[in-house]
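Under our numbering, read the sequence shown as residues 3 to 631, first letter to last.
The structure under discussion appears below in the form of C-alpha cells.
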Amino acid sequence: MITENFETVIIETDLLILGGGMAACGAAFEASHWAKKHNKKVTVVDKASMERSGAVAMGLSAINLYLGLKNGKNTVEDYINYVKNDLMGITRDDLVANIARHVDSSVHLFEKWGLPIWKDEEGNYINEGRWQIMIHGESYKNIVSEAAKNALKELGENGEYYERIFITEPIMDGDRCVGAAGFSVRENKFYIFKANAVLDVMGGAVHIFRPRSVGEGLGRSWYPPFNSGASTYFTLKAGAEMTCQEVRFVPVRFKDSYGPVGAWFLLFKSKATNAKGEDYMETRKAELENWAPYGTAQPTPTNLRNYLMLQELEAGNGPIYMRTDEAIKKLMADITDEKEAKRKMKELESEAWEDFLDMTVSQALNWASHNISPEESPSEISACEPYFISSHSGASGAWVSGPKDLSPSDDYHWGYDNMTTKKGLFAAGDASGASSHKFSSGSFTEGRIAAKAALAFIVDNEDVASFDEEKINELKEQILKPLATFEEHKDYANDEDVNPNFIKPKMFMFRLQKIMDEYAGGASVGFKTSKALLEKGLEFLEFMKEDAEKLAAKDLNELMRVWENVHRMWQAESHIRTMLFREETRWPGYYFRTDHPKMKEDWKAFANCKWDPETGEWEMIKRDIKELT
Ligand code: SFD
Ligand code: AMP
C-alpha cells in the first residue's frame with residue numbers, strides 16, 4: 003500500500019493561512035498582532051519557498067495601487083469609479099473601498115521594511131500613472147516575506163510556517179471549514195492541518211488555456227506557472243459561492259517574453275501602433291461608443307484597449323508595436339544642452355531596462371538577443387493567453403463578505419470581512435472575486451483585513467470543530483492514488499508517458515489546454531466562443547473528469563503536477579459554465595460571445611456559481627450589483 007510509505011503528520015492550529023504570496027504575507031503580519039493579543043496560533047503553508055513564491059517571485063517594478071490619501075491627491079471614491087469602469091460595471095464597490103482605504107499604510111510598511119521606492123527631489127513618491135508608484139522592486143517579495151516570517155517568529159511556538167507543502171483539499175465539518183490536506187513535495191509526508199479558521203490565499207491560475215509559448219518555450223507565460231487554480235478549487239470544493247468566474251484576464255505584453263507594458267504606456271507615455279504606424283486607439287475610437295458608458299470614459303478599460311488591438315490584427319494590420327523609440331525621442335525633444343541630453347538618455351535607458359530586470363528578466367534577455375535598443379527600434383506586443391487573476395484586471399474568485407460599515411445589504415455582508423459563504427473559510431488576493439485592481443499592495447492589504455476578521459471569528463467560535471479520522475485515511479488514499487496507479491501499471495509499456503492504463507499530468511494538461519483554447523475562446527481562435535462551442539467544451543471536460551481518475555505520478559513532483567491539473571480542470575469548468583450563463587458580451591477584449599455580440603442592460607449583474615459537495619450539482623446564481631458611488 004502506497005499510503006504506508008507516507009508518514010501522516012497532523013498539525014493543529016487556530017488560523018491556517020494557505021499560500022505564501024502577497025496576501026498570505028499580509029495575513030501573517032496582521033494575524034500575528036491579533037493572535038498575540040488572544041493567545042492564538044497562526045500557521046502558514048506554502049507549496050514553494052515564501053522568499054520567492056507566487057506572482058511577485060521575480061520582483062516587480064511598480065506598486066500598482068497607492069492612493070496617497072494623505073496628500074489629498076485621490077479619494078476612495080475615485081478609485082471605486084476607476085475600478086468599476088475598467089471592469090465594465092461589474093465590481094463590488096464595498097470590497098474595493100475596504101482595500102483602498104487601508105492600502106497606503108501597507109505601502110508605508112513596505113518602505114519601512116526596506117523596499118526602495120522612487121522619490122523626487124522633495125522626497126515624494128514618483129508616480130507611474132495616477133494609481134501606480136515606481137519601485138526598485140527586484141527583492142520586493144524577499145522583503146515582504148521576511149517581515150511576515152519575523153511577525154510569526156514574534157509569536158514563538160504559536161507562529162509557524164511550512165514550505166514546499168502542496169495543499170490539495172479542504173476539510174469540512176458540515177458547513178464549516180476546519181482544515182486542509184496536502185503533501186510534502188520533498189519527502190514522503192502526508193499533511194493534515196486542523197484549524198478553527200482557514201484563509202485561502204493560493205493565488206490565481208495559469209496554463210488552463212493553451213499558451214502562446216509552446217514547444218521549447220513551454221513554461222514561459224505572463225502569470226507564474228506555479229499558481230494553478232488551487233484557490234478556486236479549494237473554495238469550490240468546500241461548497242462556497244464563487245463570483246465572476248467568467249472574468250478572465252488577457253494582458254497585452256511585449257511579445258514572447260511577456261515584459262510589462264504599464265511603464266511604457268504610463269511613465270514613458272509611449273503609443274502602440276499597427277505595422278503602418280497608425281495609433282489604433284485613435285483610428286478605432288468610434289468603436290468605443292458601442293461599449294458606452296464604460297468605453298467612452300477615461301481611462302479606456304483594459305479589455306477594450308485589447309479589443310481595438312485585436313481588431314487591428316483581424317484586419318491584417320499586424321504586427322503591433324510599442325513605439326519605444328518614438329516615446330524616448332519625445333521625452334528627449336526639449337533638451338538642447340548636449341551634456342544634459344547625454345545624462346537624460348542614460349537615465350531613460352536604464353529605467354527602460356530596469357523595468358524588465360525588476361520583474362521579467364527574460365524580456366531583457368530577449369531584447370539583448372535580438373539586438374534591440376528601445377531608444378532605436380520599436381518592440382512587438384501581443385495579447386497573451388487568458389489567466390485567472392482577480393487582483394489585476396480580471397475578477398474571478400470567491401464571493402466574500404464585505405465590511406459592515408459599507409454594506410449595502412445582507413447578501414454583501416454576513417458577519418466577518420472576507421469570509422466566504424462557508425463558515426470559517428476566508429479568501430483574499432486572487433482567491434477573492436469582484437474586487438479587481440488590488441495588485442501586490444492591495445492583495446497584501448486584503449490579506450491583513452481577512453486575517454484580522456478570521457481571528458475575530460476564532461475568538462467568537464472557540465468550539466473546536468469535530469474531525470472525522472476515517473476521512474483522514476480516505477483523503478490520504480485519494481491524494482496519493484496517482485503514485486499507486488503508476489506503480490501498478492508502469493511496466494506495461496516501455497515508455498512511461500504512453501500507457502493505456504493511465505495518463506500523465508503533462509498529457510492531461512495538454513488536453514485541457516486544447517479544449518479550453520478551441521472551445522472556450524483561447525488565443526488561437528481570437529478569444530471568440532459561443533453557446534455551441536462552450537457546450538461542446540463542457541462535454542469534453544466531462545470525459546476529462548472521468549480520465550482524471552487514471553492520473554498517474556512517478557514521484558512527488560509529478561504528484562504535485564497531477565493535483566495542479568485537477569485544480570485547473572475545476573477552474574476551467576467553472577469558467578465555461580459562467581461564460582455560458584452570462585448571455586452577452588461584456589468584455590470583448592477578454593472573450594467575445596459571437597452568439598450574443600453586445601452588452602445587455604439586464605446583465606449588469608454578477609454571474610455567480612456554486613458546486614454542491616453533497617449532490618455534485620452546479621448552481622448558477624445571478625446577483626444584483628449594489629453601488630456605493
Ligand atoms: O504591473 C500554494 N502584479 C503586480 N502588482 C503590482 O503591484 N505591481 C506590478 O508591477 C505588478 N505586475 C505583475 C503582477 C502579477 C504578475 C503575475 C506579473 C506582473 C507577471 C500583481 C501582483 O503580483 C498580485 O496582485 C499579487 O501577487 C497577488 O497576491 P496573492 O497572494 O493573491 O497571490 P501570489 O502572490 O501569487 O501568491 C500565491 C501563493 O500561493 C501559493 N500556492 N500554496 C500551497 N498549496 C497550493 N496548492 C498552492 N498553490 C499556490 C504560491 O506558492 C504563492 O505563495 S504588472 O506587470 O501587472
Ligand atoms: P501592466 O504593466 O499592463 O500590468 O500595467 C500596470 C498598471 O498600469 C496597471 O495598473 C494597468 O491597469 C495600468 N495600465 C497599463 N497600460 C495602461 C494604459 N494604456 N492606460 C491606462 N492604464 C494602463
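From the three backbone atoms N, C-alpha and C, an ideal C-beta is built for every residue, glycine too.
Model, not experiment: these values are computed from the prediction.
### Query
Which runs of the alpha helix (DSSP H) fall wholly inside the stretch 418-504 and span at least 4 residues, in chain order?
Segments of the alpha helix (DSSP H) lying fully in the stretch 418-504: 441-462, 471-491.
#### Entry: Cβ neighbour criterion (16 or more within 10 Å) applied to S403
Position 401 of the sequence shown holds residue 403. Classification of S403: buried, given that the 10 Å Cβ count is 16 or more.
### Message
By alpha-carbon positions, which one of L312, T298, N319 ends up nearest to G279?
### Response
The residue you call residue 279 lines up with position 277 of the sequence shown. Answer by Cα proximity: N319.
#### Entry: Every unbroken alpha helix (DSSP H) inside the stretch 499-551 [4 residues or more]
Unbroken alpha helix (DSSP H) stretches of 4 residues or longer found wholly inside the stretch 499-551: 507-521, 533-550, given in chain order.
### Task
State the CB to CB distance for the pair V44 and I19, rounded to an integer number of angstroms; the pair is presumed to be in contact (CB under 8 Å).
Against the sequence shown, residue 44 aligns to sequence position 42. Against the sequence shown, residue 19 aligns to sequence position 17. Rounded to whole angstroms, the Cβ separation of V44 and I19 is 7 Å, and the two are in contact under 8 Å.
### Message
I believe I383 touches V254 by the beta-carbon criterion, under 8 Å. Please report the beta-carbon distance rounded to the nearest angstrom.
### Response
One-based indexing of the sequence shown puts residue 383 at position 381. One-based indexing of the sequence shown puts residue 254 at position 252. Contact holds; Cβ gap of about 6 Å.
#### Entry: Three-state class that DSSP yields for S393 in the structure shown
Within the sequence shown, residue 393 is the residue found at index 391, counting from 1. Here S393 sits in coil by DSSP.
### Message
Bridge partners for T275 per DSSP, in chain order?
### Response
Here residue 275 is taken as the residue at index 273 of the sequence shown, counted from 1. Answer is Y323, bridged to T275.
### H40 - containing alpha helix (DSSP H), residue span
For the purposes of this step, residue 40 is taken as residue 38 along the sequence shown, with counting starting at 1. Counting along the chain, the unbroken alpha helix (DSSP H) around H40 starts and ends at 24-40.
### Query
Identify the residues that DSSP records as bridge partners of T10: which are they?
Residue mapping note: residue 10 aligns to position 8 of the sequence shown, counting from 1. For T10, which the question treats as bridged, DSSP gives the partners F192.
### Message
Run through the DSSP bridge pairs and tell me what F358 is partnered with.
### Response
As a first step, residue 358 must be located in the sequence shown, where it is residue number 356. Under DSSP, no beta-bridge partner is assigned to F358.
### Task
Measuring alpha carbon to alpha carbon, tell me which of W120, G161, Y389 ends up nearest N229.
Locating residue 229 in the sequence shown gives position 227, counting from the first residue. Its Cα nearest to that of N229, the residue Y389 stands out among W120, G161, Y389.
#### Entry: beta strand (DSSP E) segments (min. 3 residues) lying fully within the stretch 115-150
With a minimum length of 3 residues, the continuous beta strand (DSSP E) runs that stay inside the stretch 115-150 are 135-139.
### Query
Where does E387 fall in DSSP's three states?
Position 385 of the sequence shown, counted from the first residue, corresponds to residue 387. When secondary structure is reduced to three states using DSSP, E387 falls in the coil class, being assigned neither helix nor strand.
### Task
Just mark M518 as buried or exposed, buried being the case when its beta carbon has 16 or more other beta carbons within 10 Å.
The sequence position of residue 518 within the sequence shown is 516, counting from 1. So M518 ends up on the buried side.
### Query
Can you check whether the CB of S442 is closer than 8 Å to the CB of I65?
Against the sequence shown, residue 65 aligns to sequence position 63. Against the sequence shown, residue 442 aligns to sequence position 440. Against a cut-off of 8 Å, the Cβ pair of S442 and I65 comes out as a contact.
### Task
State the Cα-Cα distance for the pair D16 and L157, rounded to the nearest angstrom.
Taking the sequence shown and counting its residues from 1, one reaches residue 16 at position 14. Taking the sequence shown and counting its residues from 1, one reaches residue 157 at position 155. Near 13 Å, if we compare the C-alpha coordinates of L157 and D16.
### Query
Does the beta carbon of F267 fall short of 7 Å from some heavy atom of the ligand AMP?
For the purposes of this step, residue 267 is taken as the residue at position 265 of the sequence shown. The answer is yes for F267.
### Message
Could you check if Y36 belongs to the surroundings of the ligand AMP, using beta carbon to heavy atom distance under 7 Å?
### Response
Sequence index remark: in the sequence shown, residue 36 carries index 34 (1-based). Looking at the sequence itself, residue 36 is Trp, so the reference to Tyr does not match. No, since every heavy atom of the ligand AMP falls outside the 7 Å radius drawn around the Cβ of W36.
### Task
Take K612 as the anchor and find which of L238, F168, F358 has the nearest alpha-carbon.
Numbered from 1 along the sequence shown, position 610 holds the residue referred to as residue 612. Looking at the Cα atoms, L238 is the closest of the given residues.
### Message
For D413 and N420, what's the separation of their Cα atoms in angstroms?
### Response
For this step, residue 413 is matched to residue 411 along the sequence shown. For this step, residue 420 is matched to residue 418 along the sequence shown. C-alpha separation (whole angstroms): 13 Å.
### Message
Between which two residues does the beta strand (DSSP E) holding I65 run?
### Response
Taking the sequence shown and counting its residues from 1, the one referred to as residue 65 is at position 63. I65 -> beta strand (DSSP E) spans 62-65.
### Query
Looking only at C-alpha atoms, which of A274, L89, A400 sits nearest to E243?
As a position in the sequence shown, residue 243 is number 241, starting the count at 1. Nearest to E243 by alpha-carbon distance, out of A274, L89, A400, is A400.
### Residue environment, I12, which counts as buried when at least 16 other CB atoms sit within 10 Å
On the sequence shown, residue 12 is found 10 positions in, with the first residue counted as 1. I12 should be labelled exposed.
### Message
Going by beta-carbon coordinates alone, are A25 and S395 separated by less than 8 Å?
### Response
Position 23 of the sequence shown holds residue 25. Position 393 of the sequence shown holds residue 395. Here A25 is not near S395, since their CB atoms are 8 Å or more apart.
#### Entry: As assigned by DSSP and simplified to three states, the class of K628
Locating residue 628 in the sequence shown gives position 626, where the first residue counts as 1. If DSSP states are grouped into helix, strand and coil, K628 belongs with coil.
### Query
In the DSSP assignment, what are the bridge partners of K639?
Given a span of 3 to 631 for the chain in the structure shown, any question on residue 639 remains unanswerable.
### Task
Give the straight-line distance between the Cα atoms of G22 and T285, rounded to the nearest whole angstrom.
Locating residue 22 in the sequence shown gives position 20, counting from the first residue. Locating residue 285 in the sequence shown gives position 283, counting from the first residue. C-alpha separation (whole angstroms): 45 Å.
### Query
If you compare alpha carbons, which of M311, F512, E162, M90 is closest to M546?
Here residue 546 refers to the residue found at position 544 when the sequence shown is read from its first residue. For M546, the nearest C-alpha among the options comes from F512.
### Message
Quick check on DSSP: helix, strand or coil for T170?
### Response
Counted from its first residue, the sequence shown places residue 170 at position 168. Secondary structure at T170: strand, using DSSP grouped into helix, strand and coil.
### Message
If we require 3 or more residues per run, which beta strand (DSSP E) segments fall completely within the stretch 240-293?
### Response
You should have 254-256.
#### Entry: Inter-residue CB distance, G70 and D106 (contact presumed, cutoff 8 Å)
Working through the sequence shown from its first residue, we reach residue 70 at position 68. Working through the sequence shown from its first residue, we reach residue 106 at position 104. Yes, G70 and D106 are in contact; Cβ-Cβ is about 7 Å, under 8 Å.
### Task
Inspect the beta-carbon positions of E314 and I322 and report whether they are closer than 8 Å.
Looking up residue 314 in the sequence shown gives position 312. Looking up residue 322 in the sequence shown gives position 320. Against a cut-off of 8 Å, the Cβ pair of I322 and E314 comes out as a contact.
### Query
Three-state secondary structure (DSSP) at I19?
In the sequence shown, counting from the first residue as 1, residue 19 sits at position 17. DSSP places I19 in the strand class (E or B) of the three-state scheme.
### Unbroken beta strand (DSSP E) run spanning L632, endpoints
The chain is shown from 3 up to 631; residue 632 falls before or after that span and cannot be answered.
#### Entry: Residue nearest to R588 in terms of C-alpha spacing, selected from M562, V568, E113, A609
Here residue 588 is taken as the residue at index 586 of the sequence shown, counted from 1. The residue with the shortest Cα to Cα distance from R588 is A609.
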